[in-house]
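Under our numbering, the first residue of the sequence shown carries the number 1, and numbering increases by one thereafter.
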Amino acid sequence: MLKALAPALKGSGWKKSGHTLFRQAGAYFLQIDIGVHAIEEKTVLTHRIKPMALDPILWDILGMPENAHEPLSLRARGAFTCWGIAVDEVVDEGRYESGIAAAASIAAFARRSTSGIDAALANMDFSERLAAHPWQVERGVYAVELVVSLINDGDWEAAARLAAACEHGECAAMCGFSSGGKSFHRLALEWIEAGKALSRFSR
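(1) Going by Cα to Cα distance, which pick from Lys10, Glu89, Ser73 and Ser183 is closest to Gly169?
(2) According to the Cβ coordinates, are Trp59 and Phe29 closer than 9 Å?
(3) Have a look at Glu211 and Lys42 and give me their C-alpha separation to the nearest angstrom.
(4) Do Leu54 and Glu145 have their beta-carbon atoms positioned less than 9 Å apart in this structure?
(5) Return yes when at least one heavy atom of the ligand MG lies under 8 Å from the C-beta of Ser178, else no.
(6) Look up Gln136 in the DSSP assignment and give the residues it is bridged to.
(7) Any idea what DSSP makes of Ser178, helix, strand or coil?
(8) If you draw a straight line from the alpha carbon of Tyr142 to that of Gly84, how long is it in whole angstroms?
(9) With a threshold of 6 Å on Cβ separation, who are the neighbours of Leu9 within its own chain once the five nearest residues in sequence on each side are excluded?
(10) Give me, in chain order, the residues of the same chain whose beta-carbon lies closer than 8 Å to that of Arg139; leave out the 5 immediate sequence neighbours on both sides.
(11) State the DSSP-derived secondary structure class of Glu190, mapped to helix, strand or coil.
(12) Considering only C-alpha positions, which residue in the set Asp118, Val91, Ala165 and Ala132 is nearest to His37?
(13) Since Ser127 and Leu162 should fall inside the 8 Å C-beta cutoff, what is the C-beta to C-beta distance between them, to a whole number of angstroms?
(14) Using a threshold of 9 Å, state whether the C-beta atoms of Ala4 and Ala102 are closer than that.
(15) Should Pro51 be labelled buried (16 or more other beta-carbon atoms within 10 Å of its own) or exposed?
(16) According to DSSP, is Arg204 helix, strand or coil?
(17) With distance defined between alpha-carbon atoms, name the residue in Lys196, Ala120 and Leu187 nearest to Gly154.
(18) Buried or exposed, going by whether 16 or more other CB atoms sit within 10 Å of the CB of His69?
(19) Please report how far the alpha carbon of Ile192 lies from the alpha carbon of Ala159, in whole angstroms.
(20) Counting only the same chain and skipping the five closest in sequence on each side, list residues whose C-beta sits under 7 Å from that of Leu189.
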């Protein structure tokens with residue numbers, strides 16, 4: 001299936017890296033994660049979206065700004081990247097006749113996702129969506145992405161308040177990012193206090 005995907009995607013604007021499809025659409029990065037169940041006859045396609053601006057801010061905070069010059073696939077498959085919000089998911093149940101047939105179905109989903117991108121982004125305030133997402137409310141899954149998104153919005157005070165609350169354990173925050181022995185949230189506070197948001201990413 002993965003081998004057959006590249007020719008099936010030809011001309012669509014989508015590229016493939018491992019089990020992930022990705023592309024840029026204006027100011028947004030799009031990816032489709034392909035999950036094939038080993039036991040059940042089921043394939044799950046999850047379409048995620050995030051602003052292109054998020055990852056460069058994250059990388060600058062973590063002290064790895066050079067990542068912004070790496071291939072676009074890094075934003076989908078890299079270890080230190082922001083997670084996009086799922087805007088569509090399709091579960092295909094049943095057995096495909098062949099890998100080629102499976103690739104054709106996935107490519108069709110990717111093309112539909114591209115054509116429906118305007119509807120997916122309509123009235124989309126990324127920070128508000130992150131803050132309201134059940135995973136963030138209940139477990140702080142998007143704590144890193146929300147800090148970075150608030151910085152991208154220019155709301156550095158709100159970003160600093162959230163980073164401080166996460167650093168001091170005052171709110172849920174699932175985060176494994178660290179650099180030089182410091183957590184992402186500590187580094188974000190130092191980065192904001194140093195005025196790097198103003199000097200490098202001001203709008």
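All C-beta atoms, glycine included, are put in the ideal place defined by N, C-alpha and C.
Reading from the atomic positions:
(1) Here the question's residue 169 lines up with position 169 in the sequence shown. For the residues Lys10, Glu89, Ser73 and Ser183, the minimum Cα distance to Gly169 belongs to Ser183.
(2) Along the sequence shown, read from residue 1 onward, the residue named residue 59 stands at position 59. Along the sequence shown, read from residue 1 onward, the residue named residue 29 stands at position 29. No, the Cβ-Cβ distance between Trp59 and Phe29 is not below 9 Å.
(3) A question about residue 211 goes unanswered here, because the residues of the chain that appear run from 1 up to 203.
(4) By 1-based counting over the sequence shown, the position of residue 145 is 145. By 1-based counting over the sequence shown, the position of residue 54 is 54. Closer than 9 Å, so yes.
(5) Only the bare structure without any ligand can be found here, which leaves the ligand MG out of the picture.
(6) On the sequence shown, residue 136 is found 136 positions in, with the first residue counted as 1. None; Gln136 has no bridge partner.
(7) Taking the first residue of the sequence shown as 1, we reach residue 178 at position 178. The answer is strand: DSSP assigns Ser178 an E or B state.
(8) The residue labelled residue 142 in the question sits at position 142 within the sequence shown. The residue labelled residue 84 in the question sits at position 84 within the sequence shown. Roughly 9 Å separates the two Cα atoms.
(9) Along the sequence shown, read from residue 1 onward, the residue named residue 9 stands at position 9. Within the same chain, Leu9 has close Cβ partners Ala107.
(10) The residue you call residue 139 lines up with position 139 of the sequence shown. Ala172 and Met174, listed in sequence order.
(11) Along the sequence shown, one-based indexing puts residue 190 at 190. In this structure, Glu190 counts as helix in the three-state DSSP scheme.
(12) As a first step, residue 37 is located in the sequence shown; it is residue number 37 there, counting from the start. The residue with the shortest Cα to Cα distance from His37 is Val91.
(13) Counted from its first residue, the sequence shown places residue 127 at position 127. Counted from its first residue, the sequence shown places residue 162 at position 162. Not really, about 10 Å apart at Cβ, beyond 8 Å.
(14) Taking the sequence shown and counting its residues from 1, one reaches residue 4 at position 4. Taking the sequence shown and counting its residues from 1, one reaches residue 102 at position 102. Against a cut-off of 9 Å, the Cβ pair of Ala102 and Ala4 comes out as a contact.
(15) Position 51 of the sequence shown, counting from 1, holds the residue named residue 51. So Pro51 counts as buried.
(16) The structure shown does not extend to residue 204, since the chain is modelled only from 1 to 203, so the question has no answer here.
(17) Within the sequence shown, the letter at position 154 stands for residue 154. Closest option to Gly154, Cα to Cα, is Lys196.
(18) Counting from 1 along the sequence shown, the entry for residue 69 is found at position 69. Here His69 is exposed. Its C-beta has fewer than 16 other C-beta atoms within 10 Å.
(19) Position 192 of the sequence shown, counted from the first residue, corresponds to residue 192. Position 159 of the sequence shown, counted from the first residue, corresponds to residue 159. So the two alpha carbons sit approximately 9 Å from each other.
(20) Working through the sequence shown from its first residue, we reach residue 189 at position 189. Taken in chain order, the residues that qualify are Ala160, Ala163, Ala164 and Glu167.
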